[in-house]
Amino acid sequence: MRKLIGSLKYRDLRYTKNHPLRIPRVSLLMEFLRAMDLIEEDEIIESREAHQEELLLYHKEDYIRALQEADACMCVKRQHRERYNIGTYENPVSPAMWKGSLLATGSSIQAAEVFLKGGIAFNPAGGMHHAYPDRANGFCFINDPAITIEFLKRQGIKRILYIDLDAHHCDAIQDYYYEDDSVFVLSLHQSPEYAFPFKSGFLEEMGRGRGKGFNMNVPLPKGTKDRDYLYALEESLRIVKEIFQPEVYVLQLGTDTLREDYLSKLELSNAGFLRAFDMVREAFGEGIYIGGGGYHPIALVRAWAVLWCRITGREIPTEIKPTAKEVLLKVDFEEFDDDEDKSYMYNRLLDELNDEPVKQEVKSLMEKVRSYFLV
Ligand SMILES: [Zn+2]
Numbered sequence: 373m374r375k376l377i378g379s380l381k382y383r384d385l386r387y388t389k390n391h392p393l394r395i396p397r398v399s400l401l402m403e404f405l406r407a408m409d410l411i412e413e414d415e416i417i418e419s420r421e422a423h424q425e426e427l428l429l430y431h432k433e434d435y436i437r438a439l440q441e442a443d444a445c446m447c448v449k450r451q452h453r454e455r456y457n458i459g460t461y462e463n464p465v466s467p468a469m470w471k472g473s474l475l476a477t478g479s480s481i482q483a484a485e486v487f488l489k490g491g492i493a494f495n496p497a498g499g500m501h502h503a504y505p506d507r508a509n510g511f512c513f514i515n516d517p518a519i520t521i522e523f524l525k526r527q528g529i530k531r532i533l534y535i536d537l538d539a540h541h542c543d544a545i546q547d548y549y550y551e552d553d554s555v556f557v558l559s560l561h562q563s564p565e566y567a568f569p570f571k572s573g574f575l576e577e578m579g580r581g582r583g584k585g586f587n588m589n590v591p592l593p594k595g596t597k598d599r600d601y602l603y604a605l606e607e608s609l610r611i612v613k614e615i616f617q618p619e620v621y622v623l624q625l626g627t628d629t630l631r632e633d634y635l636s637k638l639e640l641s642n643a644g645f646l647r648a649f650d651m652v653r654e655a656f657g658e659g660i661y662i663g664g665g666g667y668h669p670i671a672l673v674r675a676w677a678v679l680w681c682r683i684t685g686r687e688i689p690t691e692i693k694p695t696a697k698e699v700l701l702k703v704d705f706e707e708f709d710d711d712e713d714k715s716y717m718y719n720r721l722l723d724e725l726n727d728e729p730v731k732q733e734v735k736s737l738m739e740k741v742r743s744y745f746l747v
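Residues in the sequence shown are numbered consecutively from 373, following this note's numbering.
Now the structure itself:
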């Protein structure tokens with residue numbers, strides 16, 4: 373049982389104009405996979421909304437109420453803006469805020485349920501790792517990964533590994549599990565020295581109290597390419613395996629690590645992204661797969677499409693079919709950086725792995741990580 377948890381309802385649940393997340397993502401992926409003949413209808417589970425009690429596994433009730441209120445009028449009170457960080461440029465009031473988040477969160481729980489029944493599922497709408505229990509942050513309103521982890525805990529699971537491959541540090545997840553030794557948090561991301569969330573994601577943040585040694589940050593330099601990234605990931609997975617034996621893992625698969633993504637300075641090809649996914653599975657078997665950041669819709673769809681092929685054991689086609697190309701060409705998205713010819717993205721599905729050797733900086737970083745975690 374290999375399932376995509378998705379819905380075309382996301383088409384109408386968009387962020388406001390000019391927001392990086394205004395772009396189509398899940399609906400575009402579904403349309404693209406259909407046009408490529410890479411998905412059967414019975415492989416799709418229609419997303420459901422999260423229930424109130426599921427939201428309260430992690431979020432504070434007053435914050436949830438504020439989101440509901442803002443959704444009802446598509447407006448926000450000044451005190452709520454200040455207190456809950458909603459109705460800002462970063463976290464605008466829009467149909468995505470409440471209804472979109474409810475669907476994305478319900479879908480992550482659906483993915484966990486499929487997994488617990490012995491199947492494998494991918495919820496591309498999930499991975500909103502920046503949302504705090506009582507406030508929005510970094511485009512995220514409802515923290516579906518944390519809710520999924522809490523859901524798993526209530527199913528009696530004692531050791532959960534959370535792996536976050538988004539280009540940004542999972543600050544809210546780290547905070548929530550910082551003193552918890554039953555949830556190991558591993559995050560590879562752009563160093564907060566130069567990227568959001570700026571204040572957290574440093575190597576030195578290793579957990580506190582019982583949770584000390586159960587939080588691993590791998591802050592990567594600008595210009596990290598395939599081999600750098602895969603080296604860092606392989607090393608971190610090796611270290612985590614020596615420390616923690618999870619019963620289940622949740623894998624956040626943001627695509628903002630891709631070189632075409634204008635919101636990050638990491639430079640992965642989608643072949644590197646796919647290899648990273650393979651590495652995690654080689655280390656820990658199958659897990660619960662959720663999406664994450666990703667602001668270039670075409671790059672995102674290509675990466676999640678090859679990922680979907682891998683999840684379902686399909687061969688990855690080399691070429692993008694003309695009908696599927698049409699789907700991509702219809703996306704209303706303007707490139708910020710027009711210097712480079714990006715037409716390959718509309719013709720070829722899988723990139724080539726970049727061959728540049730691992731940077732010394734990354735090797736030294738991983739030596740440091742090892743020395744911090746393993747004596
Ligand atoms: Zn991100």
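Ideal placement from N, C-alpha and C gives every residue a C-beta, glycine not left out.
Predicted model, so just to flag it, every value in this text is computed and none were measured.
- prompt: Would Leu592 pass as a contact of Leu560 if the rule is Cβ separation under 8 Å?
  reply: Translated into positions along the sequence shown, residue 592 becomes position 220. Translated into positions along the sequence shown, residue 560 becomes position 188. Cβ atoms of Leu592 and Leu560: closer than 8 Å.
- prompt: When we look at the beta-carbon of Asp650 and count the other beta-carbons within 10 Å, is it buried (16 or more) or exposed?
  reply: Position 278 of the sequence shown, counted from the first residue, corresponds to residue 650. Counting Cβ neighbours within 10 Å, Asp650 comes out exposed, since fewer than 16 surround it.
message: Strictly closer than 5 Å from CB to any heavy atom of ligand 1: give me those residues in the order they appear in the chain.
response: Asp538, Ala539, His540, Gly626, Asp628, Gly665
- prompt: Val741 by DSSP, collapsed to three states: which one?
  reply: Start at 1 with the first residue of the sequence shown, and residue 741 comes out as number 369. The answer is helix: DSSP assigns Val741 an H, G or I state.
field: beta strand (DSSP E) segments (min. 3 residues) lying fully within the segment 451-531
entry: 492-495
query: Measuring CB to CB, does Leu725 end up less than 8 Å from Ala648?
result: One-based indexing of the sequence shown puts residue 725 at position 353. One-based indexing of the sequence shown puts residue 648 at position 276. It is not a contact, given that the beta carbons lie outside the stated cut-off.
- request: Would you tell me roughly how many angstroms separate the C-alpha atoms of Pro689 and Val747, rounded to the nearest one?
  value: Residue mapping note: residue 689 aligns to position 317 of the sequence shown, counting from 1. Residue mapping note: residue 747 aligns to position 375 of the sequence shown, counting from 1. Cα to Cα, the separation comes out at about 45 Å.
task: Can you check the segment 394-436 for any beta strand (DSSP E) of at least 3 residues that lies completely inside it and give the ranges in chain order?
output: 416-418
- prompt: Using DSSP with H/G/I as helix, E/B as strand and the rest coil, what is Ile688?
  reply: Within the sequence shown, numbered from 1, the residue matching residue 688 stands at position 316. DSSP places Ile688 in coil when its eight states are reduced to three.
Sequence ranges, alpha helix (DSSP H) only - wholly within the segment 534-591, length at least 4: 543-548
task: Could you give the DSSP three-state label for Tyr621: helix, strand or coil?
output: Working through the sequence shown from its first residue, we reach residue 621 at position 249. Tyr621 falls in the strand class under three-state DSSP.
message: Using a 10 Å radius around the Cβ and a threshold of 16 neighbouring Cβ atoms, would you call Glu412 buried or exposed?
response: Here residue 412 refers to the residue found at position 40 of the sequence shown. Its Cβ having fewer than 16 others within 10 Å, Glu412 is exposed.
message: Excluding the 5 residues flanking Ala476 on each side, which residues of the same chain have their C-beta closer than 6 Å to its C-beta?
response: Residue 476 sits at position 104 when you count from the first residue of the sequence shown. If we look at Ala476 and ignore the five residues flanking it on each side, its Cβ neighbours are Ala497, Gly498, Asp516.
- prompt: Which whole-angstrom value describes the C-beta separation of Tyr661 and Ile683, a residue pair presumed to lie in contact below a C-beta threshold of 8 Å?
  reply: By one-based count along the sequence shown, residue 661 stands at place 289. By one-based count along the sequence shown, residue 683 stands at place 311. Their Cβ separation, rounded to whole angstroms, is 7 Å, which keeps Tyr661 and Ile683 in contact under 8 Å.
field: Selection from Ser419, Gly665, Cys445, Arg526 that minimises the alpha carbon distance to Leu635
entry: The residue labelled residue 635 in the question sits at position 263 within the sequence shown. The candidate whose alpha carbon is nearest that of Leu635 is Gly665.
- prompt: What do you get for Ile615, buried or exposed, if any count of 16 or more other CB atoms within 10 angstroms of its CB means buried?
  reply: Reading the sequence shown from its first residue, position 243 is the one you call residue 615. Exposed: under 16 other Cβ atoms inside 10 Å.
message: Helix, strand or coil, according to DSSP, for Lys735 in the structure here?
response: Locating residue 735 in the sequence shown gives position 363, counting from the first residue. In this structure, Lys735 counts as helix in the three-state DSSP scheme.
- prompt: According to DSSP, which residues form a beta bridge with Leu376?
  reply: Locating residue 376 in the sequence shown gives position 4, counting from the first residue. Ile416, Phe494.
- prompt: How many Å lie between Lys489 and Leu524 at the Cα?
  reply: By 1-based counting over the sequence shown, the position of residue 489 is 117. By 1-based counting over the sequence shown, the position of residue 524 is 152. When rounded, the distance between both Cα atoms is 13 Å.
query: Going by the CB atoms, is the gap between Leu380 and Tyr387 shorter than 8 Å?
result: Sequence index remark: in the sequence shown, residue 387 carries index 15 (1-based). Sequence index remark: in the sequence shown, residue 380 carries index 8 (1-based). Taking 8 Å as the Cβ cut-off, Tyr387 and Leu380 do not qualify as a contacting pair.
Extent of the continuous alpha helix (DSSP H) run through Tyr718: The residue labelled residue 718 in the question sits at position 346 within the sequence shown. Start and end: 716-719.
field: Reduced DSSP secondary structure (H/G/I, E/B, other) of Glu712
entry: The residue you call residue 712 lines up with position 340 of the sequence shown. Reduced to three states, the DSSP call for Glu712 is coil.
message: Given this structure, state the Cα-to-Cα distance separating Lys702 from Ile395, to the nearest angstrom.
response: For this step, residue 702 is matched to residue 330 along the sequence shown. For this step, residue 395 is matched to residue 23 along the sequence shown. Computed Cα separation, rounded: 12 Å.
field: Between the CA atoms of Leu376 and Met408 - distance to the nearest angstrom
entry: Mapped onto the sequence shown, residue 408 falls at position 36. Mapped onto the sequence shown, residue 376 falls at position 4. When rounded, the distance between both Cα atoms is 15 Å.
- request: Taking 8 Å as the threshold, find out whether the segment 569-576 comes into contact with the segment 599-606 through three or more Cβ pairs.
  value: no
query: Are the beta-carbon atoms belonging to Ile436 and Gly378 less than 8 Å from one another?
result: By 1-based counting over the sequence shown, the position of residue 436 is 64. By 1-based counting over the sequence shown, the position of residue 378 is 6. No, these two residues do not count as a Cβ contact at 8 Å.
- request: Just the C-alpha distance for Gln440 and Gly478, rounded to the nearest angstrom, thanks.
  value: As a working mapping, residue 440 is identified with position 68 in the sequence shown. As a working mapping, residue 478 is identified with position 106 in the sequence shown. So the two alpha carbons sit approximately 16 Å from each other.
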